[in-house]
Amino acid sequence: MAKDALDPTGVIAESFKIEGIGPEDCRGIFLDWALKMPVDADNAALIGQLLARHANEPQDHPMIAVLKDALQPMDRPRRRGGYRSRPREN
């Protein structure tokens, strides 16, 4: 069997075959997939290819939602603590 560079372990494809799978399970499967991808991989491009590959799957499947969520840009981290967040006397 030829190894699939897009889904080497087949976990994404398998997730579409599991009846009653929930969003939590799909997030775990996605994390497993992401951790197995090369560090220098263009994840957005790979996720786009996965979405294209599974375009015929039901669009309300939780894995489709997880893949689409993964394409959303992350918010810039904001400072939440430290001395700058505390009131000071001038």
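In terms of our numbering, the sequence shown opens at residue 352 and continues consecutively. Where a beta carbon is used, it is the ideal one built from N, C-alpha and C, also for glycine.
As assigned by DSSP and simplified to three states, the class of residue i
{"i": "D376", "result": "helix"}
{"i": "I363", "result": "helix"}
{"i": "M352", "result": "Low per-residue confidence applies at M352: pLDDT is 45, beneath 50, and the placement is therefore not dependable, though the value from the model is reported in the following sentence. Correct three-state label for M352: coil."}
{"i": "L357", "result": "coil"}
Element boundaries [alpha helix (DSSP H), containing residue i]
{"i": "M414", "result": "P413 to A421"}
{"i": "A396", "result": "N394 to R404"}
Residue burial classification, residue i (beta-carbon count within 10 angstroms, cutoff 16)
{"i": "D358", "result": "buried"}
{"i": "P333", "result": "As displayed, the chain neither begins before 352 nor continues past 441, which places residue 333 out of reach and without an answer."}
{"i": "L382", "result": "exposed"}
Same chain, Cβ closer than 7 Å to residue i, neighbours up to 5 away in sequence not counted
{"i": "R378", "result": "V417"}
heavy atom of the ligand PLP below 7 Å from residue i C-beta
{"i": "P413", "result": "Absent from the structure shown: the ligand PLP. Ligands present: none."}
Same chain, Cβ closer than 8 Å to residue i, neighbours up to 5 away in sequence not counted
{"i": "I462", "result": "Residue 462 lies beyond the stretch modelled for the chain, which goes from 352 to 441, so this question has no answer here."}
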